[in-house]
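First comes the structure, then the notes that go with it.
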Amino acid sequence: MYGKQTETAIAAVSYLAALWDGPSTRRVSAADIADGRGLQRPFVAKLLSTLSQAGVVSGSPGPGGGYALAKGPEEITLRDVWSLFERPESSRVAFVGSEICGISAPGDLSNRIDRVEQAMNSLLDETTFDVFCGKANTALEDGLGTNGIEDRQAS
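With the working numbering as the guide, the letters of the sequence shown map in order to residues 2 to 156.
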C-alpha cells in the first residue's frame, strides 16, 4: 500500500526520531541517515529535501549542518510522511471489483478489503514517530496487537 519512496522516507524519519532529544538534537547528514539504515545516499538526500519543504524535518547546510526532526516525533504521524509520496486514490486495492477485471467483488471480499483499508488508515493516522523513541503511540494499542492485522484476523 506504499512505494519505495514512502518506505525510504519513513526509514529516514524513524532514524531521526530515534536520535530525538528535543529541539537541541544534533543534526546528522543525509549520508549518515542513509548509512544508518542501509539506504542509497542520493535517494535519501532527495527525499529529505521533500520532507524539509513539508516541515517534517529541518535541514541546515554547511559544516555542522545536517538534518533533524522539525518537531517532536510525537507530533509526526506516518500519514504526514505517507501523504508526501502517495496519492490516496492509488492505495485503493483494485484487483477485483474494478472495470479492469469486468466483475464486481463479492460482498464478503469487498467488506474484508474495506476492513484492511480502515486498519491501514488507522495505522497511518494514529501512529506517531515516537514509536522509534520507545514512547509508543500507535494504532496497535487499539486492538491490532503487535502483529498488526494478523492478530485481528486470528480473533
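We put the beta carbon where it would ideally sit given N, CA and C, even for glycine. In this text, all values refer to a predicted model and were calculated from it rather than measured experimentally.
- About 11 Å separates the beta carbon of Thr9 from that of Leu52, a gap too long to meet the 8 Å contact definition.
- Judged by their CB atoms, Arg42 and Gly67 are not nearer to each other than the 7 Å cut-off.
- According to DSSP, residue pairing for Val29 in a beta bridge involves Tyr68.
- Burial is judged here by how many other beta carbons sit within 10 angstroms of a residue's own beta carbon; Asp109 has fewer than 16 and is exposed.
- Counting every other CB atom within 10 Å of its CB across the protein chains shown gives Ser61 a total below 16, marking it as exposed.
- Checking the DSSP bridge columns, you'll see Val58 partnered with Leu70.
- Secondary-structure assignment with DSSP links Thr129 through a beta bridge to Thr78.
- When C-alpha distances from Ala12 are compared across Pro89, Trp83, Glu127, Asn122, the shortest belongs to Trp83.
- For Pro64, the number of other beta carbons within 10 angstroms of its own is below 16, and it is reported as exposed.
- In this structure Asp36 is not in contact with Arg80, their Cβ atoms being roughly 27 Å apart against a cut-off of 8 Å.
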